[in-house]
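Residue numbers (the UniProt record's numbering), protein chains in the order written: chain A, 1 to 87; chain B, 1 to 74; chain C, 1 to 189. Heads up, the beta-carbon is just placed ideally off N, CA and C, and yes, glycines get one too. All figures in this text were calculated on a predicted structure; none of them were measured in a lab.
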Amino acid sequence: MAKQMPPEYYQCLEEIQALDFVLVELNLYLDTHNHDFDAIQQFNETAKLSMQLKVEFEKKFHPLMNFGRSYSNYPWNIDDSPWPWQV
Amino acid sequence: MFTQFKYWKPFVGPFDPCKPIRVKSYSTPPQLYMNFQPPGLPQFTPQEALMAGTLWPQLYSPYPDPQKGGNPHG
Amino acid sequence: MFYYEKKLQYPVRVSTCNPMLAKFLIEQYGGADGELAAALRYMNQRYTIPDKVIGLLNDIAMEEFSHLEMIATMIYKLTKDATPEQMVAAGIGDHYVNHDKALFYHNAAGVPWTASYIQAKGDPIADLYEDIAAEEKARATYQWLIDISDDPDINDGLRFLREREVVHSMRFREAVEILKDEQNQKKFF
Ligand SMILES: [Fe+2]
Numbered sequence: 001m002a003k004q005m006p007p008e009y010y011q012c013l014e015e016i017q018a019l020d021f022v023l024v025e026l027n028l029y030l031d032t033h034n035h036d037f038d039a040i041q042q043f044n045e046t047a048k049l050s051m052q053l054k055v056e057f058e059k060k061f062h063p064l065m066n067f068g069r070s071y072s073n074y075p076w077n078i079d080d081s082p083w084p085w086q087v
Numbered sequence: 001m002f003t004q005f006k007y008w009k010p011f012v013g014p015f016d017p018c019k020p021i022r023v024k025s026y027s028t029p030p031q032l033y034m035n036f037q038p039p040g041l042p043q044f045t046p047q048e049a050l051m052a053g054t055l056w057p058q059l060y061s062p063y064p065d066p067q068k069g070g071n072p073h074g
Numbered sequence: 001m002f003y004y005e006k007k008l009q010y011p012v013r014v015s016t017c018n019p020m021l022a023k024f025l026i027e028q029y030g031g032a033d034g035e036l037a038a039a040l041r042y043m044n045q046r047y048t049i050p051d052k053v054i055g056l057l058n059d060i061a062m063e064e065f066s067h068l069e070m071i072a073t074m075i076y077k078l079t080k081d082a083t084p085e086q087m088v089a090a091g092i093g094d095h096y097v098n099h100d101k102a103l104f105y106h107n108a109a110g111v112p113w114t115a116s117y118i119q120a121k122g123d124p125i126a127d128l129y130e131d132i133a134a135e136e137k138a139r140a141t142y143q144w145l146i147d148i149s150d151d152p153d154i155n156d157g158l159r160f161l162r163e164r165e166v167v168h169s170m171r172f173r174e175a176v177e178i179l180k181d182e183q184n185q186k187k188f189f
């Protein structure tokens, strides 16, 4: 896994990080505001967008999640990509 | 409207060995003033939110004190 | 169960090889008010807290693990290619002789993490007040770290983490409001 990640990797990653951050914020907010209909709608829409970005990311770079939440290429590439503390 | 830093003037004695800091400050971030977050507050864009560390400008707390030009205790 | 997602919550960057900063940052890795303590505290309190706020403790615990990973990333990058001489010069020779570059759960003074840093009292108000205090203490630690760090990229990450403590404190305060709400009693009695 000596290969470098291209600049596009960092850009795509940050787009996902931004959407997933909105999801974390809305999630904690909804934990104490469980009747906020608009926030729930925004949460669901953002979740959908995030999933779409992750499908694209995984096609281009590497699987994001373990234990069957992401598909692997051949050969097994769930471990064969740099780890978050390395990139 | 609240402020995010409070200032106080500590006693300065003639025998204090270090150069006195005449005005000291401490942080009073926004969660201290919001009992329960009201619904529908204005939001940052996702990119801005990630950079700020919160989705809501009203919960954003800058540090160090911007009034002090980045000098935290001066 | 838990799944791992191969990404950080926030893009952590480090400008310079600076092992001394790693020595200070480790306070938030294995210190009393650090991310490990936070994650384990909420993760453990969630079993016995009233149902209305279990979700919040669970989710904040999860986020704290993401913060632990961010702090670890900073420490890892700050020391990764430092020579033993640089480690000694930075004042972490004592860490080096015991752990080489490996991270370890201790605070900035080298005191190993202990469960006595955290509490689970079983009384929801007592537990949530501890949680609020823990968030404010973590916020303060990030302030003092920002004060002594001159790495702009590290400070960017630390500012993010400090802001998260503000939001967590907000949510725990709301949890107290939910639990003390008189209106809910009427529905049940
Ligand atoms: Fe926190």
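Within the 7 Å Cβ cut-off, does GLU5 of chain C reach chain A? yes
- LYS23 of chain C to LEU8 of chain C span [Cα, whole Å]: 22 Å
Is the distance from the Cβ of PRO30 of chain B to the Cβ of LEU59 of chain B below 7 Å? yes
- Leaving out five residues on either side along the sequence, give the residues of the same chain with a beta carbon under 7 Å from the beta carbon of PRO19 of chain C. LEU78, THR79, ALA82, GLN86, MET87, ALA90, ILE92
Once you ignore the five residues that flank SER50 of chain A on each side, which residues in its own chain have a CB closer than 7 Å to its CB?
-> ILE16, LEU19, ASP20, LEU23
By alpha-carbon positions, which one of A:ASP31, A:TRP83, A:ASN73 ends up nearest to TYR76 of chain C?
A:TRP83
Notebook entry, point to check: Does ligand 2 have even one heavy atom less than 6 Å from the beta-carbon of GLU25 of chain A?
Noted result: Questions concerning ligand 2 fall outside what the structure shown contains, since the ligands it does hold are ligand 1.
Find out if the Cβ-Cβ distance for the pair TYR117 of chain C, ALA32 of chain C is shorter than 7 Å.
yes
- Query: Going along chain A in order, which residues have a C-beta closer than 7 Å to the C-beta of ASP94 of chain C?
  - Reply: In chain order: nothing, as chain A lies at least about 23 Å away.
Cβ-based burial, residue 193 of chain C [other Cβ within 10 Å; buried from 16]
No statement about residue 193 of chain C is possible, as the shown extent of chain C runs from 1 to 189 and does not include it.
Would you please state the rounded distance, in angstroms, between the beta carbons of PRO84 of chain C and TYR96 of chain C? I believe it to be under 8 Å. 6 Å
Quick one: does the C-beta of GLN135 of chain C sit closer than 6 Å to a heavy atom of ligand 1? The residue you asked about is not Gln; residue 135 of chain C is Glu in the sequence shown. Answer for GLU135 of chain C: yes, Cβ within range of ligand 1.
Proximity test, Cβ basis, 7 Å: LEU32 of chain B and chain A = no
Report yes or no: do the stretch 43-59 of chain C and the stretch 122-130 of chain C share at least 3 C-beta pairs separated by less than 8 Å?
yes
Going along the chain, which residues of its own chain have a beta-carbon closer than 7 Å to the beta-carbon of ASP151 of chain C, five neighbours each way excluded?
Cβ within range, chain order: VAL14, SER15, THR16, ASN18, LEU21.
Counting beta carbon pairs with one atom in the stretch 152-162 of chain C and one in the stretch 174-185 of chain C, are three or more of them shorter than 8 Å?
no
Q. Under the criterion of a Cβ to heavy atom distance below 6 Å, does HIS168 of chain C qualify as lining ligand 1?
A. yes
Classify HIS33 of chain A as helix, strand or coil using the three-state DSSP reduction.
coil
Proximity of ASP43 of chain A and LEU26 of chain A at Cβ, strictly below 7 Å: In the sequence as displayed, the identity of residue 43 of chain A is Phe instead of Asp. Yes, the pair counts as a contact, with Cβ atoms nearer than the cut-off.
Notebook entry, point to check: Which chain A residues sit within Cβ distance under 8 Å of ILE125 of chain C?
Noted result: Those do not exist, as ILE125 of chain C stays about 16 Å from chain A at its closest Cβ, beyond 8 Å.
Review point. Distance, Cα to Cα, PRO20 of chain B vs PRO14 of chain B?
Key: 10 Å
Practice task
Taking C-beta pairs closer than 7 Å, name the residues in chain C that ILE40 of chain A reaches, listed in chain order.
Solution key: Those do not exist, as ILE40 of chain A stays about 14 Å from chain C at its closest Cβ, beyond 7 Å.
* Asked: What residue from C:PHE104, C:GLU27, C:LYS121, C:GLY34 has the CA that sits closest to ASN44 of chain C's CA?
  -> C:LYS121
How big is the Cα-Cα spacing for PHE11 of chain B and LYS24 of chain B?
Inter-residue distance for PHE11 of chain B and LYS24 of chain B is about 11 Å (C-alpha atoms, whole angstroms).
| query | Closer than 7 Å, CB to CB, is GLY74 of chain B near chain A or not? | reply | Unreliable positioning characterises GLY74 of chain B in this predicted model, as indicated by a pLDDT of 39, which lies under 50. The coordinate reading is nonetheless provided below. GLY74 of chain B does not count as touching chain A.
Self-check item: Exposure label - PRO64 of chain B; buried when at least 16 CB within 10 Å
Solution: buried
Neighbour flag for ALA49 of chain B against chain A, beta carbons, 7 Å: yes
Span of the beta strand (DSSP E) holding PHE5 of chain B?
-> 5-8
Q. If you measure from the beta carbon of ARG41 of chain C to each beta carbon in chain A, is any gap under 7 Å?
A. Interface annotation, ARG41 of chain C: not in contact with chain A, CB-CB separation never under 7 Å.
_Below 9 Å on C-beta distance, what does GLN37 of chain B contact in chain A?_
Correct list: TYR29, THR32, HIS33.
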